[in-house]
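To keep things clear, I will list the structure first and then write my remarks on it.
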Amino acid sequence: MAHATDNVLMEAPQMVEALERLAKEVVDGIRDRRRLALVGIHTGGVHLARRIQEIIENRYNLSVPVGALDINLYRDDWTRLHTQPLVRSTHLPFELEGREIVLVDDVLYTGRTVRAALGALADYGRPDHVQLLVLVDRGHRELPICAQFTGVEVETSAEEQVNVLLREKNGIDRIVVERPPSSEGN
């Protein structure tokens, strides 16, 4: 639920439009469509990768495998967390060798999640090419990471949080920028 200090960035129709555009950009921007595979980063990236797969298969008649990647043990901050990392399964139902991988995530922020994902991918094989697709790029990079395919770019402060709500997990499609309560009463 959005609070008075929240800003709805996208509702379901705009998210559908963004995913359709991203699917087209992937199909047009990949070197070899026959070697294309999508790999979603748990959890939001997996749902988005499956949606993009469906669009590509229905609109472009291309069969595209989808994998799910757990990066929790590859994070550089997991030892600082107050709880043990939740380890999910990595499922890559295809060989990475020779593949054109599009790594999919919901939000690109510092770049640390993507760095961890690249480390995890390297343990499973060596794709020919890896590109990054994100639904939201909110800036504030700490590492030299950029997305080749971006749904929307939004300027945020470090105190704000971008929440991507997905029907598969939350029952609704919406992107909300959550702002901290103002101490000035605005």
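Each residue of the sequence shown is one higher than the one before, starting from 0 at the first, in numbering that gives the first Met the number 0.
Virtual Cβ for every residue (Gly too), placed ideally from N, Cα, C.
It should be emphasised that the depicted structure is a prediction, and the values quoted were computed from it without experimental measurement.
In this structure, V15 lies away from V175, with their beta-carbon atoms at least 9 Å apart. About 5 Å separates the CB atoms of V129 and I100; that is less than 8 Å, so the two are in contact. In this structure D172 touches A11 by the C-beta definition: roughly 4 Å separates them, less than 8 Å. Cα atoms of L61 and I55: separation of roughly 6 Å, rounded to the nearest angstrom.
Ranked by how close their Cα comes to the Cα of G43, the residues V133, E154, R178, S156 have V133 in first place.
Residue range 43-59 is occupied by the alpha helix (DSSP H) that includes Q52, with no beta strand (DSSP E) assigned at that position. Contact check for M9 against V103 fails: the beta carbons are separated by 9 Å or more. With a 10 Å radius around the Cβ and a threshold of 16 neighbouring Cβ atoms, R50 comes out buried. Q13 sits in a helix when the DSSP states are folded into three classes.
A116 has its alpha-carbon roughly 15 Å from the corresponding atom of E141.
For R137, there is no enclosing alpha helix (DSSP H), as DSSP gives it neither H nor E.
If you draw a straight line from the Cα of G124 to the Cα of P180, it comes to about 45 Å.
Rounded to the nearest whole angstrom, the CA to CA distance from E94 to G66 is 10 Å. Its Cα nearest to that of P143, the residue R111 stands out among L165, D127, R111. One alpha carbon belongs to L131, the other to T155, and they sit about 20 Å apart.
Per DSSP, the continuous beta strand (DSSP E) segment holding G66 begins and ends at 65-68.
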